Each structure stands twice: as structure tokens, then as C-alpha cells.
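Numbering (our numbering), first residue to last: 6 to 341.
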């Protein structure tokens, strides 16, 4: 009978484990910590990133990687987080490049220079020039101040959105890791990825995205933010609305699903465009716009609906401020 050596078994197990499981195992005891050093975990993360990039870029990967390294660009964002966790959330990759290189294709008034309008490919040695001549750009974002400059350029590579940006624009610590395709990697915080608990940032869509992935959020005092405190930190107010007696809950939800925006507020009553009364409200909502996120064409994720599915509510907007109109606010707001 063959002898089974401890290290041999562990080495075999390590090959089948995803990076986050390797990290968690390394923290269980000193023996595992020595057998699974952070250097090895980083190598596994980089291998997984390279594997996914090879699938995305196909036969162009080696060429892309060489020019990428020449520009000293780095990958950042949730793509690395997904590779660490062994998960697939979306088809987005964020890449940080030098500001001057990102803005090279544009004139002083941010018009695209003629040479970048030519569709024919040239094998340039800088990643932005390469991307413009190789792929189709999808979106360009600018900084609207006195000195205009481009902050983001998005390209579509097969089914993946590649966004080049001028600096690390990640809001959550779990997405501030970087990788340079030259086997250099910086891990900002592995503990937060492991525990699925990261810093709070007041952005509804971003919060909803990571909440769906099982993440919790802590505030500046390192205290986990309770559900009822989220809205105050987002600067979103709640207003109570009372259902009118002429319709059932199912009938009102059907109207909210059918009508996205055509709601009016007249004499403390909110009705749809056909004059069907839905709710009474005693707050002053003059000049507010009302939106129902239940409508099938409203594609943005609604954090409130994700947290409390089926609860009747409307979104009310005036300028840049949002208010949630909810049938019973007592269960959703802090009593502090």
C-alpha cells in the first residue's frame, strides 16, 4: 500500500481550489498559511484573469497583452473581484491608462481626430490607439469643466465591454485591486472580499449590484449599515402614501406595471394619466416627477424593490433629489 504524504495531498487539493478558498484555507492554521502563501494565491488569481482574457480576446490576446504592457495599463474593478471569487457577474472590464494617452484621439474641443475615424487597423504600440483601430468604441465620457478632457472610453470586444479610464474610479474597496498583465498584482483588501463586507458608498445602482452578490456594507466607524439606515445615508426621504379604497393591491400593482411615468398629484391624490386614483398623500409634492420601477421598460435596478419585493411604492423626483412614496414607511426607515 502506498504511503500518502500530507503535502502531496494538499498540493493536489490546491490545484482544484479557487483563489478565495485558498485564501480562507491559508488563514485556518500556521501550517496551511506556510503551505499557501499570498504569493501563490496571487499567482492563481493572475492565472484566472489571463484565462478569462484569453477567452474574451481569442487569438488576439498575445498582441493585446503586449501593447497593454507597453502602455503600462492596469486592470481594476469587479472583474478581478469575480476572478478571486470564481464567479461571473457581468461582461465589464475596467482598465486604467495614462490621461494623456486616453485623450490622444481627441482635439482640444473633444472632437475625434480624423486619423481615428479611419476604420482600417494599424498595429500601434499604445493600447488606446490599438483599441480604436481594432474595435468599435461604444461610449465616450468627459469631464465637463473649463478644461475638458475624456475620462472614460468604452469599447465592445465580442460580448464584453472594455472601459478605459484615467484613474481608479472604483468606489468600493473590494474593487480597488489592480493587475498589469506583467505578473504584477496589487490586492487592496482580501479580507473584505472574503467576508463579503465592504465600505458603504451612496450610490443606489452600485449598492444594489453588490448587495445581490451577498455583500454587506460598513460605515466610516466600521459599523455594518442596517437596512433601515441605508436610505438616510443615500439622502433619500420616505413619504407615506395611503391606498385609495377603489382598487385592490393587485389592481394597483397592475397599473404600476403598465404605467411608467404618467402620474399626477392633484389635491393630495396621486392618479395615473387616465384619472384613476391610486393613493392619497398629505406631503407637498409640487413639481415632483413620479416614476414606477415596476414597469417592464424600466431597466435600472431598484434597490427598494430588490430589498422588499411586492411592496407598493413610487419614486418621486425633483431636481436631483429622490423621495420614496411607500404604503407603510414604519418597516423601512430608522426610528433614530
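Note that CB positions come from ideal geometry on N, CA and C, so glycine has one too.
All of these numbers come straight from a predicted model, not from anything done at the bench.
_For residue 207, tell me which candidate among 273, 65, 143 and 308 has the shortest Cα-Cα distance._
Out of 273, 65, 143 and 308, 308 has the C-alpha closest to the C-alpha of residue 207.
_Option nearest residue 167 by Cα separation, candidates 329, 62 and 19_ = Closest by alpha carbon: 62.
*At which residues does the beta strand (DSSP E) containing residue 159 begin and terminate?*
First-last of the beta strand (DSSP E) with residue 159: 154 to 162.
*Could you round the C-beta distance between residue 368 and residue 278 to whole angstroms and report it? I think they count as a contact, below 8 Å.*
Examination of residue 368 is not possible in this model, given that the chain is present from 6 through 341 alone.
*So what does DSSP say about residue 22, is it helix, strand or coil?*
If DSSP states are grouped into helix, strand and coil, residue 22 belongs with coil.
*With a cut-off of 8 Å on the beta carbons, I'd call residue 98 and residue 72 a contact; round off their distance for me.*
Not a contact, Cβ separation roughly 15 Å.
*asked:* For the beta strand (DSSP E) containing residue 222, name the first residue and the last one.
replied: Its beta strand (DSSP E) spans residues 221 to 223.
_Min CB distance residue 274 to chain D below 9 Å_ = In the displayed structure, chain D is absent; only one protein chain is listed.
_Residue range of the unbroken beta strand (DSSP E) whose run includes residue 108_ = First-last for residue 108: 104 to 108, but that is the alpha helix (DSSP H), not the beta strand (DSSP E).
*For residue 34, does the count of other Cβ atoms within 10 angstroms reach 16, so buried, or fall short, so exposed?*
With fewer than 16 other Cβ atoms within 10 Å, it is exposed.
_As assigned by DSSP and simplified to three states, the class of residue 259_ = Here residue 259 sits in helix by DSSP.
*Any idea if residue 8 is buried or exposed, counting beta-carbon neighbours within 10 angstroms, 16 or more meaning buried?*
Low confidence applies here, because residue 8 scores a pLDDT of 48, under 50, leaving its location unreliable and the question unanswered by this model.
_Here's the rule I'm using: 16 or more other beta-carbon atoms within 10 Å means buried, otherwise exposed. How should residue 315 be labelled?_
It is exposed - the Cβ of residue 315 has fewer than 16 other Cβ atoms within 10 Å.
*Grab me the residues of residue 176's own chain with a C-beta within less than 7 Å of its C-beta, minus the 5 sequence neighbours each way, in chain order.*
Apart from sequence neighbours up to five positions away, the residues of its chain that approach residue 176 with a beta-carbon distance below 7 Å are 206, 208 and 211, ordered along the chain.
*Looking at C-beta atoms only, is the number of pairs between the segment 156 to 167 and the segment 19 to 28 that lie closer than 8 Å three or more?*
No: the two stretches stay apart, fewer than three of their Cβ pairs being nearer than 8 Å.
*Environment of residue 322 [buried if 16+ CB atoms lie within 10 Å]*: By the neighbour-count rule (16 or more Cβ atoms within 10 Å), residue 322 is not buried but exposed.
*Between residue 219 and residue 330, what straight-line distance do the alpha-carbon atoms span, to the nearest angstrom?*
The alpha-carbon atoms of residue 219 and residue 330 are separated by roughly 27 Å.
*asked:* Less than 7 Å between C-beta atoms, sequence neighbours within five positions excluded: which residues of the same chain meet that for residue 15?
replied: Counting only Cβ-Cβ distances below 7 Å, and skipping sequence neighbours, we find 40.
*So, residue 252 versus residue 260, is the Cβ gap smaller than 9 Å?*
It is a contact, given that the beta carbons lie within the stated cut-off.
*Which first and last residues belong to the beta strand (DSSP E) in which residue 283 is found?*
Start and end: 282 to 285.
*To the nearest angstrom, report how far apart residue 83 and residue 179 are at their CA atoms.*
In this structure, the CA atom of residue 83 is about 8 Å from the CA atom of residue 179.
*Rounded C-alpha distance that separates residue 101 from residue 182*: Between residue 101 and residue 182, the alpha-carbon positions lie close to 11 Å from each other.
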